[in-house]
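Input: a single structure, listed below in structure tokens.
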Amino acid sequence: MYRKIMVPVDLAQIETIEPTLETVADLARHYNAEVCYVGVTSTAPGSVARTPEEFGKKLEAFAQKRHQVHGQPVSTLTIATADPVADVDDRLIRAIDEVGADLVVMPTHLPKHIDIIMPSHGGKVATHTDVSVFLVRPRKR
1384 MYRKIMVPVD LAQIETIEPT LETVADLARH YNAEVCYVGV TSTAPGSVAR
1434 TPEEFGKKLE AFAQKRHQVH GQPVSTLTIA TADPVADVDD RLIRAIDEVG
1484 ADLVVMPTHL PKHIDIIMPS HGGKVATHTD VSVFLVRPRK R
């Protein structure tokens, strides 16, 4: 049913998206699908990498580690922008077509009142694309 699963990842927050990564691994094995890990980074030096090229190498290394977990083919897309916070949603929406994804799996937060004013990244992606979007909530502690 699904051939290519796109997974937006924040390399600075890997530990918090573990439930999403487990879900992706399960879905990739089940559907024998490729997983494309997408990262949006700044063109300026940041906490994860000093350049978009360095970020891309780190994203590729991360993808290869995940390949060892689920065994499915992996690919990556690094998106560099001057303002990742402002651009992330629109760039992820464009990336869906760019990578040819037919499913997006991404982490989301528990609903809050502020969502009325500022919708979640997953909510915006889901309402602006024609592919399926699977939002993974954090585990309750």
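Going left to right, the sequence shown walks through residues 1384 to 1524 as my numbering numbers them. Each residue gets a CB set at the ideal place from its N, CA and C atoms; glycine is no exception.
According to DSSP, residue i sits in a beta bridge with which residue or residues?
| i | result |
| --- | --- |
| V1482 | Answer is none; V1482 lacks a bridge partner. |
| M1384 | Per DSSP, none; premise fails for M1384. |
| A1463 | T1424 |
| E1398 | None; E1398 has no bridge partner. |
Does DSSP classify residue i as helix, strand or coil?
| i | result |
| --- | --- |
| V1423 | strand |
| V1471 | helix |
| T1452 | The residue you asked about is not Thr; residue 1452 is Val in the sequence shown. In the structure shown, V1452 sits in a helix (DSSP, three-state: H, G or I). |
| A1444 | helix |
| P1435 | helix |
| V1392 | coil |
| V1514 | coil |
Going by C-alpha to C-alpha distance, which of the options sits closest to residue i?
| i | options | result |
| --- | --- | --- |
| H1417 | E1398, K1441, V1431, V1390 | The sequence as given places Glu at residue 1417; His does not occur at that position. Closest option to E1417, Cα to Cα, is V1390. |
| P1428 | L1475, G1505, F1438 | F1438 |
| L1486 | F1445, D1470, N1415 | N1415 |
| H1450 | R1522, T1510, D1472, Y1420 | Y1420 |
| E1401 | A1469, M1489, A1484 | M1489 |
Measuring CB atoms only, is the stretch 1419 to 1427 touching the stretch 1456 to 1468, in the sense that at least three cross pairs come out at less than 8 Å?
yes
Check: Do the stretch 1477 to 1493 and the stretch 1439 to 1446 make contact, defined as three or more Cβ pairs closer than 8 Å?
Finding: no
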